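Asks: There's a structure below that I have some questions on.
Next up, the structure:
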């Protein structure tokens, strides 16, 4: 019988691996106050992350440019 996500044996294995991962994260003081959703380990940017990053940098550059050319500020 194949292990699917719903059977008891696979749930126990998932629970065991999750406990091991949480223990290894908690041993490192860098992750002590990190929320659970913070990506740790081998993390790569998705297309959505890249779009948000690019838009954020664009807004910052736009505001700096407007300030430089006198459109905003005193």
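Numbering (full-length UniProt numbering), first residue to last: 1 to 74.
For every residue, glycine included, the Cβ atom is placed at its ideal position computed from N, Cα and C.
Note that the structure is predicted; figures quoted are calculated from it, not measured.
1) Could you spell out where the alpha helix (DSSP H) holding residue 80 opens and where it closes?
2) Taking only the alpha-carbon atoms, compute the straight-line gap between residue 18 and residue 12 and give it to the nearest angstrom.
3) Under 8 angstroms, do residue 67 and residue 73 count as touching if we go by C-beta distance?
4) Roughly how many whole angstroms lie between the Cα atoms of residue 16 and residue 70?
5) How many angstroms separate the CA atom of residue 54 from the CA atom of residue 9?
6) Can you give the Cα-Cα distance for residue 64 and residue 56, rounded to whole angstroms?
Replies: On the basis of the data shown:
1) Missing from the structure shown is residue 80; the chain here goes from 1 to 74 and no further.
2) Residue mapping note: residue 18 aligns to position 18 of the chain shown, counting from 1. Residue mapping note: residue 12 aligns to position 12 of the chain shown, counting from 1. If you take the alpha carbons of residue 18 and residue 12, they lie about 10 angstroms apart.
3) Residue numbering aside, residue 67 sits at position 67 when the chain shown is read from its first letter. Residue numbering aside, residue 73 sits at position 73 when the chain shown is read from its first letter. Yes, the pair counts as a contact, with Cβ atoms nearer than the cut-off.
4) Counted from its first residue, the chain shown places residue 16 at position 16. Counted from its first residue, the chain shown places residue 70 at position 70. Going from the Cα of residue 16 to the Cα of residue 70 covers about 60 angstroms.
5) Taking the first residue of the chain shown as 1, we reach residue 54 at position 54. Taking the first residue of the chain shown as 1, we reach residue 9 at position 9. Residue 54 and residue 9: Cα-Cα distance of roughly 44 angstroms.
6) Taking the chain shown and counting its residues from 1, one reaches residue 64 at position 64. Taking the chain shown and counting its residues from 1, one reaches residue 56 at position 56. Cα to Cα, residue 64 sits roughly 13 angstroms from residue 56.
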